[in-house]
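Only one structure is covered here, and it is reproduced in the block below.
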Amino acid sequence: MSLCNLTPNTHQKFLFVGNRLKVLQAMLQTCHNLTICMQSQTYAARTLQTSLSPKHKKHCYEFSSKKELLALVQSLEFDVLVSNGCPYILPISQIQKPHQIFINCHPSLLPNLKGNHPINGAILFHQPSGATCHIMTNEIDSGAIISQVPVYNDDNISLPLLYQMCFLAEKEAFLLAMQRDFKPDENFLSHSTPPIPYYTRANSHLELDFHTQSTQHIIDTIKAFAMQTQGAYLKCNSSVRFIDAKLISNPFLERTFEQSRLNDILLSFDNHILCKREEGFLQLTLANKSKIPQSLTKNACDIKSQTCITDSHTYNISHHCNTPQTTIKANMESSHAQTSIFSQDSYAKALLEPLLYNQKQIFHFSYTQGSDFFSNTAIIEPIPNTPYFDMSSPYGYGGYFSNSSDINFLRNALEAQAQEARKRNIIAEFIRFHPHFSSTPHFAHLLDFFDNTREIIATTTDTQARWQSYSSRLRGKLRKSLQALQVSQSYDTELFHTLYTQTMQRNNADKFYFFDIAYFKTLLQMPQCVMLQATFEGKIAAMGIFLFDSLCGYYHLGANADISLDKNLNAMGALFEHFFEIAKDKGISQCILGGGRGNDKQDSLFVFKKQFSTHILPFTIGGKIYDKQIYQTLKANTESTIFLAYRISQDSHKVADKEIARGGGQYGFIYRFGFGFFCGFNFGFNHNPRFSFCFNGFNATPELRFKAVAKAKALPYLRTAYTPLSIPTIDSKPKPLRKAYA
């Protein structure tokens, strides 16, 4: 928009607040009553000192803190405040007077890319860019949109050029907004979730790891921070920074360096180096004063920060407070002996099966002070369309473990863990506690979320005591099923895969919800798992997978065939009885069957399992927020109030909140995104006739249940050696779904 076509504003008093010049230059020409509040010690402030006319210098102020800025804003008279590059979030509702308008010029196409560094984010995530003028609110870069100007950036536009284009677009967006008398444009109303809601640069975003990161990720990162004042850098050597990257495919180079290894530095010339990648050759341009590195893939071990990267998927973090090493070792060994299978390294690593979980990592943390010990194992997972992460306890019963009830020690341990989490851009954590860990209640007042209102079913492995606790009706059903069925161990993952796939096909599930056979094969390679099958007249009636550790046995996953439902065989009950006896032979005194789908004690799944119960145990979950600002910003995109609500899609959370309001909300939603307490899927035990499967989880909508299973692709299952049986054919004839409890 040309300034020549705009009538100067003479009737309103304007106040400019910020540190950028393009919008201010337009205001100097169009706003007769203008006061300036410029951030001190900035390029813009230094420029104004030499270029501003005497008339405007009389009305120009500088601020160096939020307190100074608020004092200026509250003391000056104005009708319209224009923020452009203001480094502080203003409490609009507290300082705005009835006649005043507060607007902001932001270098992105809101609501996409809110935050401090949207231009970096636009390149990093390949997002369209531009500028927006909007009404300010107490929230970051929120409020009704008045005008927008796109700049049509593409991969050929460099970061410095995109900065200039966006600043020019801010100027144009302001002029358009002034032409509209700063009234919001309803054409910009949108209820859809933006691709990248928020982006603020963090040091870890600039790190380059040639060993683990893809070539495209490396190129995107370098281009996103391609300025001398920024510059992506080697994770193993932060003094080596790059400002440009280009992938080259050339037959001569391929022939010349055919024997070279990946990531070798092949050539160095001027301020460039050439390295070999799988896709071709990567030409990298070094920033000023950066020395040519000897290697791009040096392993890093930062002893000072106590963070050791042992492989591409694992962070091992230990904090020891002036404790002799022998004491530390003894404490760790005794403590780990008590932890569940869900907290052990072998189990957590199974969740990182390359084909399914290549973006996830393991977070190990321990903290020792004297004889007090704290440990935690969690799975780090990227938050889609953001540079941030959250983490959760590995599926099942794991969570925090400590041998101490000292609140001060536990508080110190959690604070040390929080520091490590923030270094990794981890903004929140979801915790599942083992019902047998005595330290669990001591975390109640140290977490942002703590709930122990759910109940789970546990059963003794003492055969006589268990059968005495059974009702006469259940004893009769079990005798009948044990007599009619043959139960044995199975290693046939193809059979289980077929049974599961048929369940999905019967329910017309999307392809997204089907598992590859490799998934099940990976599960049964674990050393502490038994998969059992029940057959009737040579046909499979049901299959189940069960886990064991020194604490308990765990029912983990099961599937019923049509024949079990048709003939009311109670095949899963027969599998349970064999499971209990196997656990007894292993010296285990108790088995956990899990709970129902919600807090409703009349839930059919809970009622079914309760038939076998000799103990009712509390199941506790918790949550810890490590970056409240980012967490609240992401959470603002959903109406839900549950923990980690930002992982709920706009389309599903309203239904989920309604369906799981009875107490399952904290659980059902987490299933949707693979954070679920997967300790007993029961394919065939669902009371809802629309579906022939359910899980030992929480009251969730059918959509959430399907998606939960889909995201559970890398659940590890553990195996012990038993004599396999030749596998009969499966009864796969499609039949109407029906109630499985009888």
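Numbering-wise (the working numbering), the sequence shown opens with residue 292 and increments by one.
Glycine is no exception: its CB is placed at the ideal position from the N, C-alpha and C atoms.
Source: prediction; values computed, not measured.
If you check the CB distance, Q902 and L765 come in under 7 Å. Here the segment 729 to 740 lies against the segment 684 to 698, with 3 or more beta-carbon pairs under 8 Å apart.
Excluding sequence positions up to five before and after D535, its CB lies within less than 7 Å of the CB of I513, A517 and T576, all in the same chain and listed in chain order. For L363, the three-state secondary structure derived from DSSP is helix. A direct Cα-to-Cα measurement between P475 and I437 gives close to 4 Å. The beta carbon of E872 is closer than 8 Å to those of T752 and T754 in its chain, skipping five residues each way along the sequence.
Within a 10 Å sphere around the beta-carbon of K892 sit fewer than 16 other beta-carbons, which makes this residue exposed. One alpha carbon belongs to E498, the other to A712, and they sit about 16 Å apart. Take L565, set aside five residues on each side of it, and the residues of its chain with a beta-carbon closer than 6 Å to its own are L557, L558, F572 and Q574, in chain order. For M863, the closest C-alpha among the options A825, Q391 and G887 is that of A825.
Under the three-pair Cβ rule at 8 Å, the segment 906 to 919 counts as touching the segment 703 to 712. In the three-state reduction of the DSSP assignment, V314 falls in the helix class. Nearest neighbour of M834 by Cα position, chosen from V778, E706, T792 and F664, turns out to be V778. The C-alpha of T491 lies about 10 Å from the C-alpha of I410.
With a beta-carbon spacing of about 20 Å, E570 and L525 fall beyond the 8 Å limit used to define contacts. When DSSP states are grouped into helix, strand and coil, L557 belongs to the strand group.
The beta strand (DSSP E) runs of length 3 or more contained entirely in the segment 474 to 531 are, from start to end of the chain, 523 to 525.
Going by beta carbons, I747 and G849 fall outside the 7 Å limit.
In this chain, Y917 is not harboured by any alpha helix (DSSP H), its DSSP state being neither H nor E. A Cβ-Cβ distance of about 6 Å is found for the pair C820 and I836, placing them in contact under the 8 Å criterion. Here R532 has G522, Y524, A578 and S581 as same chain residues with Cβ atoms under 6 Å from its own Cβ, once five neighbours each way along the sequence are excluded. Measuring C-alpha to C-alpha distances from I426 to each of S772, Q796, F465 and P584 identifies F465 as the nearest. R471 is classed as exposed because its beta carbon has fewer than 16 other beta carbons within 10 Å across all chains shown. Pairing F393 with I380 gives a Cβ-Cβ distance that is not under 7 Å. In the structure shown, K388 adopts coil according to DSSP, grouped into three states. Residues of the same chain with a CB within less than 7 Å of the CB of T428, apart from the 5 flanking positions on each side, are I383 and G434 in chain order. The Cβ atoms of S495 and N699 lie no closer than 7 Å to each other.
By the criterion of a C-beta distance shorter than 6 Å, A704 is surrounded in its chain by Y658 and F665, once the five residues flanking it on both sides are discounted. Where Y658 is concerned, there is no enclosing alpha helix (DSSP H), although the beta strand (DSSP E) around it starts and stops at Q652 to Q660. When the beta-carbon positions are compared, H869 and L823 come within less than 7 Å of each other. Cβ contact annotation for K348 (same chain, cutoff 7 Å, sequence separation greater than five): none. Less than 7 Å separates the beta-carbon of C328 from that of L363. Taking 7 Å as the cut-off, the Cβ atoms of T326 and H302 do not count as close.
Across the structure, S631 and A413 are spaced so that their CA atoms are roughly 44 Å apart.
In this structure H725 is buried. Its beta-carbon is surrounded by 16 or more other beta-carbon atoms within 10 angstroms. Here the segment 331 to 342 makes contact with the segment 305 to 314; the two share three or more CB pairs at distances below 8 Å.
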